[in-house]
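Encoded as structure tokens, the structure appears first; notes follow it.
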Amino acid sequence: MEPDFKEGDQVLVSTLNFNNLKGPKKMKKNLTPPEIVEVEDSPGPVSKIIRARKIRLNGKDQRQYLVRFKSQTADKDKWLAEDAIPDGNLHLRIFRASGRTEQSHQ
Numbered sequence: 193m194e195p196d197f198k199e200g201d202q203v204l205v206s207t208l209n210f211n212n213l214k215g216p217k218k219m220k221k222n223l224t225p226p227e228i229v230e231v232e233d234s235p236g237p238v239s240k241i242i243r244a245r246k247i248r249l250n251g252k253d254q255r256q257y258l259v260r261f262k263s264q265t266a267d268k269d270k271w272l273a274e275d276a277i278p279d280g281n282l283h284l285r286i287f288r289a290s291g292r293t294e295q296s297h298q
């Protein structure tokens with residue numbers, strides 16, 4: 193059963209499974225201070241893909257696409273991996289058909 197948190201609720205987070213806390217185990221606190229629950233804003237549906245680039249991430253080449261969202265301005269554009277683009281197949285087909293060139297940044 194999922195907990196029912198609402199925006200603005202304060203929640204305690206258990207540190208039981210945190211592996212990155214330094215020092216002796218008996219000196220670690222069992223709970224972190226209360227965290228405030230925030231709603232992640234979804235940018236909405238994709239308007240179009242503007243540009244593509246290749247970057248090196250963790251030793252591997254990855255292709256990213258600059259995505260513009262409907263009812264958003266250019267300053268809200270985001271670089272996203274292909275699998276992170278909502279309705280990516282459709283938008284990528286349109287983008288590739290338009291014949292835009294790919295830019296490579298490393």
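Going by my numbering, the letters in the sequence shown line up with residues 193 to 298, in that order.
Heads up, the beta-carbon is just placed ideally off N, CA and C, and yes, glycines get one too.
Review point. In terms of DSSP beta bridges, what is Ala-276 paired with?
Key: Beta-bridge pairing links Ala-276 to no other residue.
Exercise for review: Just tell me which of Phe-261, Leu-204, Arg-248 has its CA closest to the CA of Gly-236.
Suggested key: Phe-261
Review point. Under the rule that 16 or more other beta-carbon atoms within 10 Å means buried, what is Ala-266, buried or exposed?
Key: exposed
Practice item. Excluding the 5 residues preceding and the 5 following Asp-269 in the sequence, name in chain order all residues of the same chain whose CB lies nearer than 6 Å to its CB. Key: Residues of the same chain with a CB within less than 6 Å of the CB of Asp-269, apart from the 5 flanking positions on each side, are Leu-258, Arg-260 in chain order.
Review point. Which residue's Cα is closest to the Cα of Ala-273: Ser-263, Ser-290, Ala-289, Arg-248?
Key: Arg-248
Exercise for review: Compare the C-alpha of Ala-276 against each of Gln-264, Lys-198, Ile-241 and name the closest.
Suggested key: Ile-241
Exercise for review: Between the Cα of Gln-264 and those of Leu-204, Arg-285, Val-238, spot the shortest distance and give me the residue it belongs to.
Suggested key: Val-238
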